[in-house]
Every structure is written in C-alpha cells, then in structure tokens.
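Student: In UniProt numbering, the protein residues as written are 1 to 91. The C-beta atom is built at its ideal place from N, Cα and C for all residues, glycine as well. Since we're looking at a predicted model, the values are computed, not measured.
(1) Between which two residues does the alpha helix (DSSP H) harbouring residue 21 extend?
(2) So the candidates are 32, 33, 11 and 68; which of them puts its Cα closest to the Cα of residue 46?
(3) So what's residue 67 in DSSP terms, helix, strand or just coil?
(4) Closer than 8 Å by C-beta to residue 51: which residues in its own chain qualify, once you throw out the five before and the five after it? Chain order, please.
(5) Give the single residue among 22, 49, 59 and 12 whose Cα lies nearest to the Cα of residue 41.
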C-alpha cells in the first residue's frame, strides 16, 4: 500500500513546471492527441514568458512561431500518413 502522505509526481513540480504541463496538455488536445509528448512540452514552454526556452530559442535565432509551425507541420504529415496507411489496409 502506498504512503497516503507521499506526494504524486505532479505535486513535486514547481508552479512553473505545473503551468507548462497544463499548457502542454492543452497543446496535445489541440493536436487531437491523448498523451503529452515532448513536442507538447516544447509548445507549452513557448507560452512561458519567464522561462528559459524563449531566450535559448532567440539566442539560436529561432522564433517560437517557427517552432510551432514545424511541430504542427510534422503532426499534420504524420496524421496524413497514418490515414493513408489505414485506408490502404482497408482496401
């Protein structure tokens, strides 16, 4: 039996990490995914004005908009491939 006083993993997160996780979940839902992947965490980090992600990206001369476009583009491409494969197998 687990210790009722033990903290869950989420409860151990900082407030900023909790916020990013919630934003990542929203991003996953927007992309119609039922899990939170690293790509969703990255998109969640892009919402954090006071986090480390934006300065790092800017230092690399990469805009948050470009990252968002690329992630959405990859998911659109993968979704299309999955649909095509499913359609091909159904025939």
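Tutor: The short version:
(1) 15-30
(2) 68
(3) helix
(4) 16, 20 and 45
(5) 22
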